[in-house]
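This report refers to the structure that appears directly beneath it.
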């Protein structure tokens, strides 16, 4: 929320930044909402965009010129940004309809000198800026950091070992595997800047950022399987350090420039999309050859080993109990109209907190009643909080972190008590049929996410409807709930689906102003040996266990195969989750999992 | 077939070519099966690969070194090549398993000088050769042409106007449209080397190569909408020349080098995949800037206008009568075992020839009985000819050229008289369900072929089966039966499906040694305004009209929607084609189109 004091304060910050920009002889400066790992969540110390603009959304880019300042963000954040920005100082623009670099090139004249912090922007983004005609000038220090007097300290949460019982593979074996891929690619070393890759490679976890249990740091891995971890050495507990052995050196982040300089003459892989441009720039300046290539941990991290797969099954079974207790509670309480969105999300969190293994949510839960459910990235606030009214749709998308696995599940509920309208049941059933088409799919080796996305949409397409998000994203193992490189989406890279990958299956339908439907289970890619007589085939194992709301299923629309899938899935939910429930919760589950009429 | 005389003759040719290679100071010379248009069919004058090697297949590449000669071709042609090549002189290799350039780089040592004819290889192919480490040396003249004493003359068939009643758009309008795209791309001119693009752009047709009614020639189109057509001016009838107007110059092919030289300082688009490298090389040498880009005619040619769409409907209805008469004849005669593959294909051709509008086949028909049907690119020969036995599967894939449209249709028939086995009916029905999934699909603007291919395969995948070809290819309008740029295949470029595109829908299943199943209709992409309330949606209109063999359908496997599609399609076939049939043919169609049990 804006107020007079903040306006004054924010105006002063903008003036100070403009003085810095002038001092550097620049036409402008870009401030992305990013930290030095270019990930989804950033620590408070990296909230430079909020500090300069007041905008607190999770995606955006500010451009500050001598006489103008503009903030670019996507459709999700237009309303929030309009409320948070001071229109006296800021122009709000839509980042898709009016991309920042093109806008800047158009208003700033020929080849304007635009400053940037090379720690906060990727080589790919820089290339796009240059293609747009901008003269991009790296700054040795971020001017905001000089101005931000009370900037929070960098996070330094407790780092713990991720034990072999959960990781399934020790760090030395992982490093040997990565080193072999570097040798095969004739590359001497690779830069690791993704904290999830760091956590996976060294089998460590921490709490530096919300929801994703990772430490913020950097690493180098070399073709001889030795590695350097750049993180405050004091943060690494002695047993972790001892476990990593002599071939892993641990040094503070300040040691990075010298470590890169030591790679003069070597060939070093840097991810041009995922790593800050600073790395490639520093390596090139040091005389190393930079090879563009994906973070070498991405693919092995995505393909969970047998121990991680077993952990994922345990985590999902464990998480199913509070989730089903929540759904049972909702069925009892929702028709009364006494629950609101915040209360519902809190109750689910409370139930999860009863689990001793619960390490926190895997993301900020989406709890949307009625029209709020139609806002795909809705996050309830005190201002938007809405009661769950009788006879409406409620959408709850939430997940948990456990040491043995990460969950992410969405269910869509009819609050009742009356029967749901026919059109709503038609839409829900089309989404469910799309979900089932993915869940039932058997497919040959070589098929990638972009090839199967259509199966989830076809029932909606048949009546001219669609949903404006991907069908599925990768999910980590006690890591990020959004994990690459594979995804089920036409826009995803055609990374072939491989055994051990965990992907969400979450088709939806959103009627603005009315309701949102999304049905999400996590799937584990498995070999399908019984179908691999000719060539290798794969299938999906459904990990998530919770019933779909029978009140919203139009059984007349289901084929025999679809009906059989629902009944088999519900029977499995009852058999596996039932023993963890008692009393009215157990009775509810029994009824919720009964065979379809 | 090999024989002593040919061996001697072919050996002498190889020796003579080696002398030329030595004279040019080369390590070797590559001979692709290609003409100067890099298309599917080549005239006899371009059969250099057959002249040097004896191999007559439609895809292959020979590499001749001082002491070795190797022929690379794909799985389709391994048996044929083994029979045609003299093993004393030639090594036969699989072009996919052992790519020619990598093989050459491995055996010929570091940076071997390999000669090539820049008229017979694309820039993309050259780049791959160079990436493999070869020193590719363009030759000013093809040494085979110097040696080939009785080389046939270049084709010079009769060129005719493709009238407005069929083209729907005059050449000047087409040229203005292409010129506008060049202006938008800041390009001064584009090179046209695809004869189908030439035929489309200038509204002309001819018979220079089999099956595709095009003249072989080249063109330049400029951003001012003027064009130069490089083809023997004597071949252009005066009315055609007059119709093209003053902004189209016609010159012999010899004028090409000067015309390209005149583009010095200009920016010229050349298709790096579809055009011979000679063009880009000559333009660069002349001081032009070459811009890689697709042939600008590809997309507008693929999107048939309303007149072409109406022509396609007429052509398909016309072609359906001989096809259905053929299927009726087959139903009467096949159980006797007196028909063979050649006789069946001839009978179908005879029936098509009765149509006054018939201009010939759109490709060499595939007529395969029993195990021959499992050979995807089977072409019957006197040696392979096989009777259609009772109680087996027969596959017939054929098409026709009419001035108003090109057809391509495949049906798979049970010869009877006994009922078909259950497993065969299961496979046929899975293929049919895949076909129906594509035919029934409604999809939003932006969806491309690679996104929908899976729908056609999912029923087969479900039991671990698949087919080793794309689901669909583009089809021209009285042009090539294989037309880019869109296709329904995971390997196809993600060119979005656009109204007016004609694509085949031809899933299949092949059990080697037993039978082949393929079910092919042509589809026309149409807007689906009734489903476009939110955003534009598209659908397919099925053009082909012929029943699917009821004897092979397992009706218990069909969903209600699939059964309804078959019944509606068959009812349409009966209503539209029935009036063109008489007597026992009409009675057969009536029964073949009856509703499913």
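Protein chains in written order, with my numbering: chain A, 372 to 968; chain B, 372 to 968. Ideal Cβ placement from N, Cα and C applies to all residues, glycine included.
- Chain B places a beta carbon closer than 8 Å to that of residue 837(A), counting this residue as a contact.
- Taking the Cβ atoms as the reference, residue 914(B) lies roughly 11 Å from residue 689(B), outside the contact range of under 8 Å.
- The C-beta distance from residue 887(A) to residue 745(A) rounds to 4 Å, short enough to meet the 8 Å contact threshold.
- For the 8 Å CB-CB criterion, residue 900(A) and residue 909(A) do not form a contact.
- According to DSSP, residue pairing for residue 769(B) in a beta bridge involves 780(B).
- The beta-carbon separation of residue 687(B) and residue 778(B), rounded to 6 Å, stays under the 8 Å limit for a contact.
- The Cβ-Cβ distance between residue 771(A) and residue 732(A) falls below 8 Å.
- Assignment of residue 663(A) by DSSP, reduced to helix, strand and coil, places it in the strand class.
- Beyond the five residues adjoining it in sequence on each side, residue 875(B) comes within less than 7 Å, by CB distance, of 779, 843, 844, 846, 891, 893 in the same chain, given in chain order.
- Here residue 449(A) carries a helix assignment [DSSP, helix/strand/coil].
- The stretch 506-518 of chain A and the stretch 383-398 of chain A touch, with no fewer than 3 CB-CB distances between them shorter than 8 Å.
- Beta-bridge partners of residue 897(A) (DSSP): 910(A).
- The C-beta distance from residue 855(B) to residue 669(B) rounds to 6 Å, short enough to fall under 8 Å.
- For the stretch 555-578 of chain A, the set of positions with a beta-carbon nearer than 9 Å to some beta-carbon of chain B is empty.
- Taking all protein chains in view, the Cβ of residue 467(B) is surrounded by fewer than 16 other Cβ atoms within 10 Å, so the residue is classified as exposed.
- Residue state for residue 739(A) is assigned as strand, using DSSP reduced to three classes.
- A check of alpha carbon separations from residue 412(B) across 567(B), 598(B), 675(B), 787(B) identifies 567(B) as the nearest.
- Listed in chain order, the non-local C-beta contacts of residue 729(B) below 8 Å within the same chain comprise 723, 771, 772, 773, local neighbours out to five positions each way being set aside.
- Between the stretch 855-871 of chain B and the stretch 582-596 of chain B, the count of C-beta pairs closer than 8 Å stays below three; the two stretches do not touch.
- Not flagged as an interface residue toward chain A: residue 895(B), since no C-beta distance is shorter than 8 Å.
- Contact between residue 575(B) and residue 621(B) is ruled out by a C-beta separation of about 11 Å, above the 8 Å threshold.
- Membership of residue 609(B) in the alpha helix (DSSP H) is indicated by the continuous run 609-615.
- Within the stretch 801-832 of chain B, those residues whose Cβ lies closer than 9 Å to any Cβ of chain A are, in chain order, 808, 811, 812, 813, 814, 815, 817, 818, 819, 821, 822, 823, 824, 825, 826, 828, 829, 832.
- Runs of the beta strand (DSSP E) lying entirely within the stretch 631-699 of chain B and spanning at least 3 residues, in chain order: 638-641, 660-663.
- Chain order gives no chain A residues near residue 624(B), where near means a beta carbon separation below 9 Å; the closest approach is about 39 Å.
- Boundaries of the beta strand (DSSP E) harbouring residue 485(B): 484-487, taken from the DSSP string.
- Nearest Cα to residue 417(B) within the set 824(B), 405(B), 392(B): 405(B).
- For the pair residue 653(B) and residue 628(B), the CB atoms are nearer than the 8 Å cut-off.
- Restricting attention to 949(A), 954(A), 912(A), 922(A), the CA atom closest to the CA of residue 936(A) is found in 912(A).
- Cα atoms of residue 457(A) and residue 432(A): separation of roughly 16 Å, rounded to the nearest angstrom.
- Cβ-Cβ distances below 6 Å link residue 925(A) to 796, 797, 800 in the same chain, with the five nearest sequence neighbours on each side left out; the list follows chain order.
- Close CB contacts of residue 710(B) within its chain, under the 6 Å cut and outside five residues either way in sequence, are with 704, 759 (chain order).
- Under DSSP, the beta-bridge partners assigned to residue 881(B) are 887(B).
- Distance from the CA atom of residue 676(B) to the CA atom of residue 577(B), rounded to whole angstroms, is 22 Å.
- Residue-level contact check: residue 799(A) does not touch chain B, since none of the beta carbons of chain B fall below 8 Å from its beta carbon.
- For the C-beta of residue 905(A), the chain B residues within less than 9 Å are, from N- to C-terminus, 835, 836, 837.
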